[in-house]
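In this note's numbering, the protein residues as written are 11 to 182.
Dropping the structure here:
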């Protein structure tokens with residue numbers, strides 16, 4: 011069975027730690043070799059809300075892209091993302107990269123455009139996969155972060171999952 015490396019962006023602005031922990035636990039049920047970037051607090055982009063916690067996950071899957079995306083939507087729903095009375099965004103999980111796919115796949119555009127637009131995606135991605143090359147741009151994520159002119163303030167935050175501190179002390 012062939013495995014594809016995926017990078018996912020996770021974020022929450024409501025009960026942030028609880029929803030992100032729940033999201034990671036759900037992902038651990040069907041992804042292998044999960045690695046997490048440092049976690050950052052950021053101001054919302056495109057919505058009026060409280061601050062977010064955001065980070066990037068690297069993992070491997072044997073699922074096709076569309077099935078992976080479907081499962082992510084179920085995890086979001088289980089955490090109240092689509093509740094009619096929700097306030098804010100309990101859990102958001104986006105496929106950033108799926109192998110080296112480039113293009114539009116049933117409405118899912120890869121690599122995700124937010125990689126190059128949002129510091130809360132690019133910085134964590136540059137930390138977890140500094141040498142990985144953006145399949146659409148042809149530069150490493152470390153280089154893209156170093157060259158970025160994104161005007162967003164991020165603050166690293168302490169965050170633990172399964173007894174492991176995700177944000178290194180040198181960032182805190």
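Ideal Cβ positions, reconstructed from N, Cα and C, are used throughout, including at glycine.
By the C-beta density criterion, residue 141 is exposed, having fewer than 16 other C-beta atoms within 10 angstroms. Put simply, the region 53-65 touches the region 117-132. At least three CB pairs are less than 8 Å apart. The region 104-123 makes no contact with the region 39-48, as fewer than three CB pairs between them are under 8 Å. Nearest to residue 171 by C-alpha distance, out of 28, 18, 12, 24, is 28. Proximity of the region 18-27 to the region 64-75 meets the contact definition, three or more beta-carbon pairs being nearer than 8 Å. In the three-state DSSP reduction, residue 87 falls in the helix class (H, G or I).
At the C-beta level, residue 33 and residue 85 come within 8 Å of one another.
Listed in chain order, the beta strand (DSSP E) runs fully inside the region 18-96 are 42-46, 49-52, 62-71, counting runs of at least 3 residues. In its chain, beyond the 5 residues on either side, 13, 14, 16, 40, 41, 42, 78 have a beta carbon closer than 8 Å to the beta carbon of residue 71. In the structure shown, residue 12 falls within a coil segment according to DSSP collapsed to helix, strand and coil.
160 is the residue among 114, 145, 160 whose C-alpha sits nearest the C-alpha of residue 132. Ranked by Cα distance from residue 69, the options 135, 147, 169 are led by 135.
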